[in-house]
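Using the working numbering, read the sequence shown as starting at 860 and increasing by one per residue.
Beta carbons: idealized from backbone N, C-alpha and C, even for Gly.
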Amino acid sequence: MDKTTTYKAVFDSAPDGVIITDHTGTILLVNNQVEKLFGYSKEELIDQKIELVIPTRFHDKHLAQLSGYASNPSAREMGAKKELWASRKDGSEFAVEISLSPIKLDDKTLFSAAIRDVSDKKKAESEIAAQNKKLQLQNKELEQFTYLASHDLQEPLRTLISFSGLIKEEYTGKIDDEFNQYIDFIYQSSTRMQDLVKGLMDYSRIGKEKELTLINCNKVLQEVLSDMAMVIKDKNARIVVNELPTIYAYATELRLILQNLISNSLKFTKEGSTPEINISATEINDKWHFSIKDNGIGIDEKNLGKIFNIFKRLHNRNEYEGTGIGLSHCEKIIDLHGGKIWVDSKLGEGSNFNFTIPKNIHFH
Ligand code: ADP
């Protein structure tokens, strides 16, 4: 096979449509794929202006670009892929991706346009965008529902707690042991339910009145630690803090995440050893990477993925107090910041809770 035949075969079997024009936009050569894409035969295209396959509304823009390319063929746009619209012989339009390149011959410059039909890609993209929008809306509705439901549940619960409290006070020791025990159950359960419902309400409120501000994390941390001064003293805990950065974040939420993670580190401590908590932050590429590391009871590997679920707890309430909502709060807060949260831990060897906050968050 001679070289010309080979070149022609390669040209015609290219998966993209290829149109070669001169500097005025006159079509000189097209491959087989172009016929399939546009519905014209080669004969119908050759010697025609390229505008034939461009929707009329883009003609002016195209002509302006063409004269730009012609005077400066190495222009930046030449190599770049562009998403545009093309029109078929029957007048229908389709989305295309076009890679333009100049072909320098001895005395003139030709232009090659490789054209790919991206209608399917475009359709899939807009379907995903619509789906995303729908999900966001549903999420919002769900949050609103959670907020209203938990808000409305508070009132009857308050009544339950206050009356069972009154009965407890009035009648404990006056009837019998069984009575004392039952009323205690009612009182404790309704108090616990109040904690859970309050947790749910707080959860649905995260990010509602969010305000992005420049925060000195050292200052927030000191405030959080001073709120916990009693527990720290009681547990004789050692807190080691590295210099933290000043970052853009949501103030209330950032405080909450530090509060949750540090209070967990102070809660899940190991008997017989002095609790030590290391708090640090490092700058890694475009993110701040925070770490709250403890030497507490640690977490079994099989449970690492579960603890961020709402109400998920690994212990009995008699062992460690809690509602199981703190880490879901943390996850939601970090989502809000566009970061990630995870834990590295080994049972019996302590836990290292990590989270990232993107540095360019204020541009979002
Ligand atoms: P709560 O602290 O109210 O139980 P969280 O959502 O904060 O709820 O935590 C969920 C569970 O993850 C805890 O019950 C505990 O089993 C585990 N956990 C969280 N932090 C630690 C930690 N620092 N060390 C060991 N286990 C932890």
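With residue i as the anchor, note down where its beta strand (DSSP E) starts and where it stops.
i	result
residue 876	876 to 880
residue 1105	1105 to 1109
residue 1033	Looking at the DSSP string, residue 1033 is not in any beta strand (DSSP E), and its letter there is neither H nor E.
residue 1213	1210 to 1217
residue 1096	Careful: residue 1096 lies outside any beta strand (DSSP E) and carries neither H nor E.
residue 844	Look at the range of the chain in this structure, 860 to 1223, and you will see that residue 844 is not part of it.
residue 1148	1146 to 1153
residue 1204	1200 to 1204
Using the beta-carbon count (16 or more within 10 Å), is residue i buried or exposed?
i	result
residue 1109	buried
residue 946	buried
residue 1096	buried
residue 892	buried
residue 1215	buried
residue 876	buried
residue 935	Here residue 935 scores only 43 on pLDDT, less than 50, and its place in the model should not be relied on; the value that follows carries that caveat. Residue 935 should be labelled exposed.
residue 1212	buried
residue 1128	buried
residue 938	Below a pLDDT of 50, predicted positions are generally treated as unreliable, and residue 938, at 45, falls in that range; the measurement from the model is reported next regardless. Residue 938 should be labelled exposed.
residue 1190	buried
residue 951	exposed
Tell me the residue span of the alpha helix (DSSP H) that contains residue i.
i	result
residue 987	978 to 1030
residue 806	With the chain covering 860 to 1223 only, the question about residue 806 has no answer from this structure.
residue 1044	1036 to 1064
residue 870	862 to 872
residue 1194	1185 to 1196
residue 891	891 to 897
residue 1077	1076 to 1086
residue 901	901 to 904
Rounded to whole angstroms, how far is the Cβ of residue i from the Cβ of residue j, which I believe are closer than 8 Å?
i	j	result
residue 1001	residue 1220	Their Cβ separation, rounded to whole angstroms, is 25 Å, which puts residue 1001 and residue 1220 out of contact at 8 Å.
residue 909	residue 1065	Incorrect: roughly 54 Å between the Cβ atoms, too far for contact.
residue 1115	residue 1074	Their Cβ separation, rounded to whole angstroms, is 13 Å, which puts residue 1115 and residue 1074 out of contact at 8 Å.
residue 1179	residue 1126	6 Å
residue 881	residue 969	6 Å
- Message: Which residues neighbour the ligand ADP when neighbourhood means a C-beta less than 7 Å away from any of its non-hydrogen atoms? List them by chain order.
- Response: 1119, 1123, 1124, 1126, 1127, 1153, 1155, 1156, 1157, 1158, 1166, 1171, 1172, 1173, 1174, 1179, 1181, 1182, 1183, 1184, 1185, 1186, 1187, 1204, 1210 and 1212
Quiz item: Do the stretch 1113 to 1123 and the stretch 1077 to 1085 make contact, defined as three or more Cβ pairs closer than 8 Å?
Solution: Between the stretch 1113 to 1123 and the stretch 1077 to 1085 there are three or more inter-stretch CB-CB distances shorter than 8 Å, so the stretches are counted as touching.
At least 3 beta-carbon pairs within less than 8 Å: the stretch 1028 to 1041 vs the stretch 1057 to 1066
Counting Cβ pairs under 8 Å, fewer than three are found: no touch.
Would you say the stretch 1044 to 1055 touches the stretch 989 to 997, given that touching needs at least three Cβ pairs under 8 Å?
no
Fill in: Sufficient close CB pairs (3 or more, under 8 Å) joining the stretch 1147 to 1159 to the stretch 1201 to 1211
Enough Cβ pairs lie closer than 8 Å, so yes.
Open item on the list: Could you check whether the stretch 1129 to 1137 touches the stretch 1149 to 1156, counting it as contact only if at least three pairs of C-beta atoms, one from each stretch, sit closer than 8 Å?
Closed with: yes
Are at least three pairs of beta-carbons, each pair with one atom in the stretch 973 to 991 and one in the stretch 1006 to 1025, less than 8 Å apart? no
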